[in-house]
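Heads up: the structure comes next, in structure tokens.
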Amino acid sequence: MTVVLLPYPDAGIPPAAVPFLRSAQAVYASGIDGGLADLLGAKPAPDDLTAEPGPIVLIAADETDPAVVALVRAGSRVIAQPAGSGLVEAAQVMDRLRSPGGCPWDAEQTHDSLRQYLVEETYELLDAIEERDRAALREELGDVLLQVLFHARVAAEDTGDPFDIDAVASGLVAKLVGRHPHVFTDAERVHTAAHQQVRWEELKQAEKQRESSVDGVALGQPAVALAGKLGQRTGRAGVPADLFPGGDSPAEQVFRLAAQARRDGVDPEGELRAVAKRFAADVRAAERSARAAGLDPAAMDAGAWRAHWPQPNSDSPQ
């Protein structure tokens with residue numbers, strides 16, 4: 001007896017299940033109506049499948065389905081859809097929202113109008129990572145995935161140069177395979193992450209036929225992150241740090257700090273954001289302390305702020 005779990009019916013049958021479906025004396029379905037079940041000629045599952053003469057196959061949507069549980073207890077093999085099957089359903093939902101009869105707001109969006117949401121969702125994901133919030137991490141990853149699906153769906157409608165989510169995925173696969181020859185071919189093995197970083201840059205340079213060591217750096221990223229990335233890229237190219245902007249303006253000093261930090265293996269954008277978040281938390285703590293003392297934070301002078309400012313490793317002033 002074989003159980004085939006199909007939580008995402010539109011993603012199709014796992015290839016590993018095909019031989020068992022072909023040789024089955026009967027195919028039953030539980031929790032799956034119409035569509036794929038009809039295509040496979042599946043019959044509704046009886047109350048006790050373990051009593052049915054084999055070989056049989058049960059297709060079901062949920063591993064907690066009583067029919068599935070009973071067959072698993074009886075020793076039946078279980079074949080599940082491969083990881084990523086849910087992406088098929090996500091792409092189909094996006095297609096439905098964008099198509100006639102779907103959502104009017106979704107139908108009106110363009111690549112330009114969606115830019116702000118991509119930025120917002122990316123920062124919300126970063127915040128979830130920094131806060132170690134697992135529930136938020138899962139949700140925000142979904143929101144970022146939505147942006148990818150949305151842009152790919154909009155791109156599919158372009159009359160001059162259309163491409164869809166499958167083209168995006170295929171391009172990604174080609175890139176990952178091409179930049180990991182030590183994994184997917186018999187190329188020289190890479191034994192350290194540092195070696196892989198260098199190899200990655202060499203492969204990108206050759207693949208994109210870049211003329212400059214700073215080609216491909218996204219100039220629209222936050223300024224501290226940009227300075228850090230430029231510092232990293234030019235470091236790999238052998239540009240000495242004494243050629244960083246040498247002025248004494250705040251911007252030039254920040255650039256030197258960020259660029260050198262990235263060369264030293266520190267993420268200046270993330271570190272600065274962490275410092276900023278700690279400062280914001282200290283402000284809130286001081287305000288709470290002031291209110292507890294009967295003061296209005298909006299009316300405090302410098303002395304009052306210092307008096308209520310939290311001390312290191314403390315949530316309240318000493």
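Going by the UniProt record's numbering, the sequence shown opens with residue 1, and the numbers climb by one from there.
No residue lacks a Cβ here, since even glycine has one placed at the ideal position from N, Cα and C.
None of the values given here were measured: they were computed from a predicted structure.
A contact between stretches requires three or more CB pairs, one per stretch, nearer than 8 Å, and the region 64-82 meets this requirement with the region 4-12. Per the Cβ contact rule, the region 284-291 is in contact with the region 300-309 (3 or more Cβ pairs under 8 Å).
Contact between the region 85-93 and the region 7-18 is present, with at least three C-beta pairs closer than 8 Å.
About 4 Å separates the Cβ atoms of Ala-261 and Pro-268, confirming a contact at the 8 Å cut-off. Taking all protein chains in view, the Cβ of Ser-23 is surrounded by fewer than 16 other Cβ atoms within 10 Å, so the residue is classified as exposed.
Per DSSP, Tyr-117 is one residue of the alpha helix (DSSP H) stretching across 111-130. Relative to Ala-26, the option among Ile-32, Leu-36 and Leu-58 whose CA is nearest is Leu-58.
For the set Ala-83, Ala-61, Asp-62 and Gly-54, the Cα lying nearest the Cα of Ala-74 is the one of Gly-54. Per the C-alpha coordinates, the member of Leu-36, Gly-41 and Ser-30 positioned closest to Asp-47 is Ser-30. About 7 Å separates the beta carbon of Glu-130 from that of Ala-274, a gap short enough to meet the 8 Å contact definition. Ser-30: member of the beta strand (DSSP E) spanning 26-30, first to last residue. Inter-segment contact for the region 108-124 and the region 140-154 is present: three or more beta-carbon pairs are separated by less than 8 Å. Taking every protein chain shown into account, the CB of Phe-255 has 16 or more other CB atoms within 10 angstroms, so this residue is buried.
A direct Cα-to-Cα measurement between Asp-161 and Ala-155 gives close to 8 Å. Counting only residues of its own chain and dropping the five nearest sequence neighbours on each side, Leu-137 has a CB closer than 7 Å to the CB of Ala-128 and Ile-129. Its chain contains Pro-181 as the residues whose beta carbon lies nearer than 6 Å to that of Ala-187, once the 5 sequence neighbours on both sides are disregarded; these appear in chain order. Taking Ala-91 as reference, the option from Asn-313, Leu-226 and Val-168 with the minimal CA-CA separation is Val-168.
Across the structure, Gln-116 and Leu-49 are spaced so that their CA atoms are roughly 53 Å apart. Excluding its 5 nearest sequence neighbours in each direction, Phe-184 has C-beta neighbours in its own chain below 7 Å: Val-177, listed in chain order. Lys-277 sits exposed, since fewer than 16 C-beta atoms from the chains shown fall within 10 Å of its C-beta.
In its chain, beyond the 5 residues on either side, Ala-152, Arg-153, Ala-155 and Ala-156 have a beta carbon closer than 8 Å to the beta carbon of Asp-164.
For Ile-79, the uninterrupted beta strand (DSSP E) segment begins and ends at 77-80. DSSP lists no beta-bridge partner residue for Leu-145. Within the same chain, and ignoring the five residues on either side of Pro-82 in sequence, the residues whose Cβ sits closer than 7 Å to its Cβ are Pro-14. The Cβ-Cβ distance between Tyr-28 and Ala-51 does not fall below 8 Å. CA-to-CA, the gap between Val-224 and Leu-272 works out to about 8 Å.
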